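Notes to accompany the following structure.
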Amino acid sequence: MSISPGLRRALVSETGPGRLLRRAWYVGPQQCNLCGSWVRFRESWIGAQLIEYGFPYPIDDFETLNHSRYLCPVCRSNDRDRLYKLYIDRFLPPNGVRRVLEFAPSTTLSAYLRGRDDLRYRTADLMMAGVDDVVDITDMPIYPDGSFDFFMCSHILEHVSDDSLALKELYRILAPGGSGIIMTPVMPEGRFDEDPTVTDEAERWRRFAQGDHVRLYDRSTLCSRIKQSGLELSLLDRNTFGDKTFKRHAIALGSVLYVVRRPTTDAA
């Protein structure tokens with residue numbers, strides 16, 4: 088079906104009428120748990136880019152990615168956002184004030200978190216415009232030790248030259264007993280690749296799956312590096328949330344959520 092220029096402009100508009108029109112235009116069998124819309128989720132653009140740059144692995148090999156039903160056409164949330172919302176709804180109920188920090192905030196999820204009266208919510212990033220705090224995640228002196236009860240660090244570590252420094256800082260700013268989400272692109276075992284000295288964008292796409300990445304994790308490497316920082320780690324998956332819930336919200340059944348916790352007593 089061809090779309091007139093006027094209808095196309097309305098469908099991409101972020102105004103209220105634009106959102107209502109998208110909700111009707113893209114109505115479908117699955118639900119976005121951030122905006123509540125029942126929609127046909129849209130495919131990710133990343134697959135075409137990976138093919139163009141010669142990435143050697145199938146896109147379906149990524150651990151937490153539903154590339155064919157990736158984006159909500161109404162609120163623009165992606166499948167990771169929907170997974171994080173499942174965790175927040177279950178494990179961060181509004182039963183007390185929490186200090187929350189989100190790195191490289193997702194627009195839709197950020198709006199939801201900022202709207203919760205029980206959260207003292209801040210955003211941070213080194214490059215992104217409009218965040219509360221401009222920080223280098225490997226060195227965050229503006230935050231005293233134990234500043235936050237919960238953080239979200241989604242798809243950051245693969246950009247950082249020294250991920251061990253970033254993880255140590257995440258440990259430091261988290262209050263004892265506090266928790267967080269750490270997510271990166273993850274491939275099957277044996278495909279870990281890392282070289283911060285590579286600066287060519289095309290080569291980074293080919294090896295690390297994006298032009299500004301410096302490594303590609305497999306699960307064991309990511310888990311090992313997280314634990315080396317002193318953080319405890321739990322992996323939550325379909326057994327935690329249920330196959331039916333994952334399917335309803337277009338989250339790939341192989342998705343895994345990496346949840347960390349700072350021990351209440353630091354190791355000697």
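If you're matching positions, the sequence shown starts at 88 in my numbering and goes up one per residue. Backbone N, C-alpha and C fix where the C-beta goes; we use that ideal spot for every residue, glycine too. It should be emphasised that the depicted structure is a prediction, and the values quoted were computed from it without experimental measurement.
Does the distance from the CB of N304 to the CB of F279 come in under 8 angstroms? For the purposes of this step, residue 304 is taken as residue 217 along the sequence shown, with counting starting at 1. For the purposes of this step, residue 279 is taken as residue 192 along the sequence shown, with counting starting at 1. The sequence shown places Tyr at residue 304, rather than the Asn named in the question. Cβ atoms of Y304 and F279: closer than 8 angstroms.
Tell me, which residues are paired with D305 by DSSP? Along the sequence shown, read from residue 1 onward, the residue named residue 305 stands at position 218. For D305, which the question treats as bridged, DSSP gives the partners M274.
Roughly how many angstroms separate the alpha carbons of A337 and H242, rounded to a whole number? The sequence position of residue 337 within the sequence shown is 250, counting from 1. The sequence position of residue 242 within the sequence shown is 155, counting from 1. Rounded to whole angstroms, A337 to H242 spans 19 angstroms at the Cα level.
Can you tell me whether DSSP reads E290 as helix, strand or coil? Here residue 290 corresponds to residue number 203 of the sequence shown, with the count starting at 1. E290: helix per DSSP, three-state reduction.
Alpha helix (DSSP H) containing F178: first to last residue? If you number the sequence shown from 1, residue 178 lands on position 91. Looking at the DSSP string, the run of the alpha helix (DSSP H) that includes F178 is 166-178.
In the DSSP output, what is M239 paired with across the bridge? Residue 239 sits at position 152 when you count from the first residue of the sequence shown. M239 is bridged to E189, I268.
Own chain, CB closer than 8 angstroms to C162, minus 5 neighbours either side, in chain order: Translated into positions along the sequence shown, residue 162 becomes position 75. Correct list, in chain order: R106, C119, L121, C122, S124, T195.
Below 6 angstroms CB to CB, which residues in the same chain sit around K193 once its five sequence neighbours on both sides are set aside? Here residue 193 corresponds to residue number 106 of the sequence shown, with the count starting at 1. Note on identity: in this sequence residue 193 is Ser, with Lys being the wrong assignment. Same-chain partners within the cutoff: D168.
Do P160 and Y199 have their C-beta atoms within less than 8 angstroms of each other? Taking the first residue of the sequence shown as position 1, residue 160 is located at position 73. Taking the first residue of the sequence shown as position 1, residue 199 is located at position 112. If you check the CB distance, P160 and Y199 do not come in under 8 angstroms.
Which whole-angstrom value is the C-beta distance of F235 and V187, which I expect to be below 8 angstroms? Taking the sequence shown and counting its residues from 1, the one referred to as residue 235 is at position 148. Taking the sequence shown and counting its residues from 1, the one referred to as residue 187 is at position 100. At roughly 7 angstroms, the Cβ-Cβ gap stays under 8 angstroms, so F235 and V187 are in contact.
Measuring alpha carbon to alpha carbon, tell me which of Y144, P180, K334 ends up nearest S126. Here residue 126 is taken as the residue at index 39 of the sequence shown, counted from 1. Looking at the sequence itself, residue 126 is Val, so the reference to Ser does not match. Looking only at Y144, P180, K334, the smallest Cα-Cα distance to V126 is reached by K334.
Hey, L254 and I175: beta-carbon distance below 8 angstroms or not? Here residue 254 refers to the residue found at position 167 of the sequence shown. Here residue 175 refers to the residue found at position 88 of the sequence shown. No, they are not a contact pair.
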